[in-house]
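Asks:
In the numbering used here, the protein residues as written are 5 to 100.
(1) Specify the secondary structure class of residue 14 as computed by DSSP and reduced to three states.
(2) What span of residues does the alpha helix (DSSP H) with residue 73 cover, start to end?
(3) Mind checking whether residue 68 and residue 79 have CB atoms under 8 Å apart?
(4) So, using beta-carbon positions, are residue 64 and residue 37 closer together than 8 Å?
(5) Could you tell me which of 94, 99, 98 and 85 sits nearest to residue 15, measuring between CA atoms?
(6) Ignore the nearest five residues each way along the sequence and tell me which others in residue 43's own chain have a CB closer than 6 Å to its CB.
(7) Once you ignore the five residues that flank residue 49 on each side, which residues in its own chain have a CB closer than 7 Å to its CB?
(8) Note the first and the last residue of the continuous beta strand (DSSP E) segment covering residue 25.
(9) Which residues in the same chain have their Cβ closer than 8 Å to the Cβ of residue 11, if we skip the five residues on either side of it in sequence?
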């Protein structure tokens with residue numbers, strides 16, 4: 005199952021808190037590419053959609069669309085903020 009680094013957890017929780025007042029809101033990751041060129045989109049959602057896997061903790065919920073959950077099962081999500089305040093997410097392999 006997808007895991008998050010401490011940076012990703014903190015940044016994602018901040019994004020969700022800034023964009024939603026719903027207590028069950030979370031970061032939703034869904035597939036936006038093809039099987040040959042997988043891409044993922046990240047949005048703030050008020051709740052998981054039917055079929056979404058839910059990961060995270062009390063501070064942050066991450067909703068994974070079924071195809072995204074399958075593709076990211078062995079990944080770690082990291083995040084960073086640059087000097088201009090732009091957030092970037094990076095997928096890394098999980099340690100064996």
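Backbone N, C-alpha and C define an ideal beta-carbon position, used for all residues, glycine too.
Predicted model, so just to flag it, every value in this text is computed and none were measured.
Replies: Walking through what the data contain:
(1) In the structure shown, residue 14 sits in a helix (DSSP, three-state: H, G or I).
(2) Boundaries of the alpha helix (DSSP H) around residue 73: 70-75.
(3) No.
(4) Not a contact, by the Cβ cut-off of 8 Å.
(5) The candidate whose alpha carbon is nearest that of residue 15 is 85.
(6) 36 and 37.
(7) Answer for residue 49: 29, 30, 32 and 67, listed in chain order.
(8) Counting along the chain, residue 25 falls outside any beta strand (DSSP E), and DSSP gives it neither H nor E.
(9) Closer than 8 Å at the Cβ level, and outside the excluded window around residue 11, lie 82, 83 and 84.
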